[in-house]
Structure formats: structure tokens, C-alpha cells
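*Asks:*
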Amino acid sequence: MTDNHSHHTVVIAGGGSAGIATAASMLQRHPGLDIAIIEPSTEHYYQPGWTMVGGGVFEKDETMKPEASVMPKDVTWLKAGVTGFDPDNNAVEFGNGGRVTYDVLIVAMGNRLAWEEIEGLEEMLGKNGVTSNYRYDLAPYTWELVQNTRSGRALFTQPPMPIKCAGAPQKAMYLSCSEWEKRGCLGNIEVEFHNNGGVLFGVPEYVPALMSYVERYGIDLNFGSTLTRVDGPAQKAYFATEDGEVEREFDLLHVCPPQKGNAVVAASTLANEAGYAEVDQHSLQHVRHANVFALGDCSSTPNAKTMAAARKQAPVAAVNALAMLEGSELKGSYDGYGSCPLTVENGKIVLAEFGYGGKLLPTFPTAILDGTKPSRLAWTLKADALPAIYWHAMLKGREWMAKPIGGA
Numbered sequence: 000m001t002d003n004h005s006h007h008t009v010v011i012a013g014g015g016s017a018g019i020a021t022a023a024s025m026l027q028r029h030p031g032l033d034i035a036i037i038e039p040s041t042e043h044y045y046q047p048g049w050t051m052v053g054g055g056v057f058e059k060d061e062t063m064k065p066e067a068s069v070m071p072k073d074v075t076w077l078k079a080g081v082t083g084f085d086p087d088n089n090a091v092e093f094g095n096g097g098r099v100t101y102d103v104l105i106v107a108m109g110n111r112l113a114w115e116e117i118e119g120l121e122e123m124l125g126k127n128g129v130t131s132n133y134r135y136d137l138a139p140y141t142w143e144l145v146q147n148t149r150s151g152r153a154l155f156t157q158p159p160m161p162i163k164c165a166g167a168p169q170k171a172m173y174l175s176c177s178e179w180e181k182r183g184c185l186g187n188i189e190v191e192f193h194n195n196g197g198v199l200f201g202v203p204e205y206v207p208a209l210m211s212y213v214e215r216y217g218i219d220l221n222f223g224s225t226l227t228r229v230d231g232p233a234q235k236a237y238f239a240t241e242d243g244e245v246e247r248e249f250d251l252l253h254v255c256p257p258q259k260g261n262a263v264v265a266a267s268t269l270a271n272e273a274g275y276a277e278v279d280q281h282s283l284q285h286v287r288h289a290n291v292f293a294l295g296d297c298s299s300t301p302n303a304k305t306m307a308a309a310r311k312q313a314p315v316a317a318v319n320a321l322a323m324l325e326g327s328e329l330k331g332s333y334d335g336y337g338s339c340p341l342t343v344e345n346g347k348i349v350l351a352e353f354g355y356g357g358k359l360l361p362t363f364p365t366a367i368l369d370g371t372k373p374s375r376l377a378w379t380l381k382a383d384a385l386p387a388i389y390w391h392a393m394l395k396g397r398e399w400m401a402k403p404i405g406g407a
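Read in order, the letters of the sequence shown correspond to residues 0 to 407 in numbering that gives the first Met the number 0.
(1) Look up G337 in the DSSP assignment and give the residues it is bridged to.
(2) Going by beta-carbon coordinates alone, are P257 and P158 separated by less than 8 Å?
(3) At 3 residues or longer, and completely inside the stretch 224-272: list those beta strand (DSSP E) runs for me, N to C.
(4) Look at the alpha carbon of G354 and the alpha carbon of V9, and state the distance between them as a whole number of angstroms.
(5) What are the partner residues of Y44, as DSSP defines its beta bridges?
(6) To which residues of the same chain is G83 closer than 6 Å at the C-beta, ignoring the five residues directly before and after it?
(7) Could you compute how far the alpha carbon of L368 sits from the alpha carbon of E344?
(8) Report yes if the C-beta distance between L252 and V286 is below 8 Å; otherwise report no.
(9) Within 10 angstroms of the Cβ of P314, are there 16 or more other Cβ atoms? Answer buried if so, exposed if not.
(10) Under 7 Å Cβ to Cβ from K126, same chain only, skipping five residues before and after it: list those, please.
(11) Run through DSSP, which three-state label would R111 get?
(12) Using the rule of at least 16 other Cβ atoms within 10 Å of the residue's Cβ for burial, across every protein chain shown, is W399 buried or exposed?
(13) Please classify A392: does DSSP put it in a helix, a strand, or coil?
(14) Return helix, strand or coil for K330, following the three-state DSSP convention.
(15) Could you tell me which uninterrupted alpha helix (DSSP H) segments, each at least 4 residues in length, are contained entirely in the stretch 118-182, listed from first to last along the chain?
(16) C176 and S150 look like a contact to me (Cβ under 8 Å); what is the Cβ gap, rounded to whole Å?
(17) Mapping the DSSP letters down to three states, classify I367 as helix, strand or coil.
(18) Report all residues from its chain with a CB closer than 6 Å to the CB of G189; omit the five preceding and five following residues, and keep chain order.
(19) What is the rounded straight-line gap between the Cα of I36 and the Cα of A12?
(20) Return yes when the Cβ of V129 is within less than 8 Å of the Cβ of E178, no when it is not.
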């Protein structure tokens, strides 16, 4: 860690997936570039793996590595949390009185899981049948509950958008049902999906395949139903609907928490009204501060907030930030790509890949992999290939199938 008042050519706020990947992509193009990353965490997580932990496929330790092991060796790591932004003076505040100035700033701080917005939830997580795959320490409890549930009622919830990996609430549900089906007890379990939204999935082409599993598992779909309160000891959940409050008893409750913009970003002049860093959706350049870029779950881009989106955004942010430093035209363009591997059963996945406006953006030809249909190949991709691509390609600046549009 450097002294508390320093200057770096590039400052990256956040050392999660998007921040590390962007730094690595920049260093691949410009070895020796002076980059500082501000990040307090000592652990780094592969969050897409938590669905698989909750489904009994991965062990949780497979989804975590020390932050030091993924931090690019040539960057300066400021081991503290960002506390404020001062873009008018090209400065970021961090830790206890730290301040660093920059030529270019890249904001990659993620969003915030707002557990507190559901009354009674936070203190009940991890007990009384209340769980969530959105937390590293809770995903194993999901699998424990699935194994121990033989009858009763299982509730799965999805809050208002935007949320990261909007398919994750369904993934947890389908993998649970797949396990119960295998064990022969699915018929004894009432499964309900309570979704704040009005459709099963936002891109219509993928809905028929998902509906076939909803019907196969006998899932009761409840749209316009928002979890507002949890009584853990009584094992009751309360939902706001058009018809008023609905009370449901449960044996298993899997919660996807409401999500908000990162609090530090939201409190700054970088944010839009919703609390997200306000950038051009294609260049990822801030709309008011030309030497600021943002990507990942903290940015205002209207894409699905997925790891796959960050993987495609990082090279775009990298080439455009370098162009800004060189005084040249920004050529990198992000098309809104996001991917949601929907684990519809153990061994099969519906691989949803789409961009802005719901345009389908498949990686593979349909003859090889039709993402609108469940396939074992997509499962192999999710279970075997993607974790390796994450640790050994994305975080190392190797842009396999992620080269930026219009950028070198």
C-alpha cells in the first residue's frame, strides 16, 4: 500500500470481477501502465458458482480465492474501501483519510444487496429454513435444506429489477426441484415462485423451454408478488400483491434480496437518480466526466447484470480508457451482451445470451448449441469451462471470445 496521498495514471475503484479484468486487459495492451486498484477485501469470489453450491454441484471453497492471488502483479493495491469521489478534482477518497488522484478513473464497485428492505429477513438468514444463494456463506445451507426437505412448501422469490443475475432465483428453484424429482419426493412439495415482475423471463425466446420445466415440476407461478416480511420462527412469509398482503407458510424460503446502487457511488455526483454511475451504454464513458468510466453492476448500462456482461465490458472499458489517455477517439463499443445459464435441471441448461433490446447474441452456431433449448453441452460449459475461463482468462486479460467491438 502506498502513502495516503498519491497520484496514479489510472485508478480503479473496486477489485472485484470487473475491476480486476479491466486492469488486466489494460496491462495486456500497455505493460507497465501505472494503475492503482482500491479494494478492501482479502477474498475474491466467483459468484456465478454459488447457484451450483446451492444445488450440490460445487463446494463453496471452489468459488473463492485470496484477493492477492488475482490482483495483477504490476498494479498498486490500495487495501481500503472507497469512501468518496471528487471527479471535479480527479480524486478518490479511501480508507481513513486517504486520497488518490488520477488521470483516468474506472469505477467497478458492484451493487448493494439490500437485505434490510425485507422486514425480519436479515436476522433469520441461515436458520428456520431461510436461505439465499446470493451469499457465499448461505449457499451451502440451501443445499442442506434441499436435502432435508421431503414434504411441505418451498418458496422462491425475485424482487424488483435491476438485480444481478436475474435468472439466479429461478436457477435455485429448478435445481431444487430436480433434486426432489430424483429423490421421488417432488410430488409432496408445493413449490411457489413469487416474482415482482410480470413475466417468467424478460427475453421471450427462452420462455417456452422454461415453462416446460415449470409444468414438469408443478411450480405455482405468482407474478406481481413481492416479499416484504419474514417471520422466521413461525416460518411465514408475507407478500405484497395487487390484492393486498398474502401470507404463506414455508419449510424452505429462498430469497433473492432487493438490490440498490453502491452506496458510495450513489452518494456521489457520478450517480444518476437511481444511484448508478451514469455512463454511455456503448462506450462506458461517464456522461459528465470524460475521464471517468464505469462498468459492472455499479453502472447505469441497461443490460442484464451478469458476470458475462462484465467479461465483455472490461475490454471495452480498457481500450476506451487507454484511448482517453492517448487523446484518441473512443472506438470500443459494448452491445449489451449478457448471459444467463439457466440451470433447469441437474445436467441441463438453457443458455440465454442476449444484448440490448433483448436481441439474441448466441456465442455458438445453433447447430452446435441452441440456447433456447435445454442442453447438456451448455451444462458442461457452465460447470467445467466457465470457472476456468473466469480465473485463468478473464482475470488475466485474456479476452477469449470477449474482444471489444471496434477496439484493438
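Note that the Cβ used here is the ideal one computed from N, Cα and C, for glycine as well.
*Replies:* Working from what's here:
(1) In the sequence shown, residue 337 corresponds to position 338, counting from 1. Answer is F353, bridged to G337.
(2) Here the question's residue 257 lines up with position 258 in the sequence shown. Here the question's residue 158 lines up with position 159 in the sequence shown. Taking 8 Å as the cut-off, the beta carbon of P257 is found closer than this to the beta carbon of P158.
(3) With a minimum length of 3 residues, the continuous beta strand (DSSP E) runs that stay inside the stretch 224-272 are 225-230, 235-240, 243-248, 251-253, 258-260.
(4) Numbered from 1 along the sequence shown, position 355 holds the residue referred to as residue 354. Numbered from 1 along the sequence shown, position 10 holds the residue referred to as residue 9. The straight-line gap from Cα to Cα measures roughly 29 Å.
(5) On the sequence shown, position 45 is the one that residue 44 refers to. The partner list for Y44 (beta bridge, DSSP) reads M63.
(6) By one-based count along the sequence shown, residue 83 stands at place 84. Closer than 6 Å at the Cβ level, and outside the excluded window around G83, lie E92.
(7) Working through the sequence shown from its first residue, we reach residue 368 at position 369. Working through the sequence shown from its first residue, we reach residue 344 at position 345. When rounded, the distance between both Cα atoms is 17 Å.
(8) Mapped onto the sequence shown, residue 252 falls at position 253. Mapped onto the sequence shown, residue 286 falls at position 287. No, Cβ-Cβ distance for L252 and V286 is not below 8 Å.
(9) Residue 314 sits at position 315 when you count from the first residue of the sequence shown. So P314 ends up on the buried side.
(10) As a first step, residue 126 must be located in the sequence shown, where it is residue number 127. Taken in chain order, the residues that qualify are G231.
(11) As a first step, residue 111 must be located in the sequence shown, where it is residue number 112. R111: strand per DSSP, three-state reduction.
(12) Locating residue 399 in the sequence shown gives position 400, where the first residue counts as 1. Per the 10 Å Cβ criterion, exposed.
(13) The residue labelled residue 392 in the question sits at position 393 within the sequence shown. DSSP places A392 in the coil class of the three-state scheme, outside both helix and strand.
(14) Along the sequence shown, one-based indexing puts residue 330 at 331. Reduced to three states, the DSSP call for K330 is coil.
(15) Secondary structure remark: continuous alpha helix (DSSP H) runs of at least 4 residues inside the stretch 118-182, in chain order: 138-147, 167-182.
(16) Numbered from its first residue, the sequence shown carries residue 176 at position 177. Numbered from its first residue, the sequence shown carries residue 150 at position 151. Going by Cβ atoms, the distance from C176 to S150 rounds to 14 Å, so no, they are not a contact pair.
(17) Position 368 of the sequence shown, counted from the start, is the residue given in the question as residue 367. Looking at I367 - three-state DSSP - the assignment turns out to be coil, as it is neither helix nor strand.
(18) For this step, residue 189 is matched to residue 190 along the sequence shown. Checking the sequence, you will find Glu at residue 189 rather than Gly. Exclusion of the five residues before and after E189 leaves R152 as the residues of its chain whose Cβ lies within less than 6 Å of its Cβ.
(19) Position 37 of the sequence shown, counted from the start, is the residue given in the question as residue 36. Position 13 of the sequence shown, counted from the start, is the residue given in the question as residue 12. Straight-line Cα distance between these residues: approximately 6 Å.
(20) Residue mapping note: residue 178 aligns to position 179 of the sequence shown, counting from 1. Residue mapping note: residue 129 aligns to position 130 of the sequence shown, counting from 1. It is not a contact, given that the beta carbons lie outside the stated cut-off.
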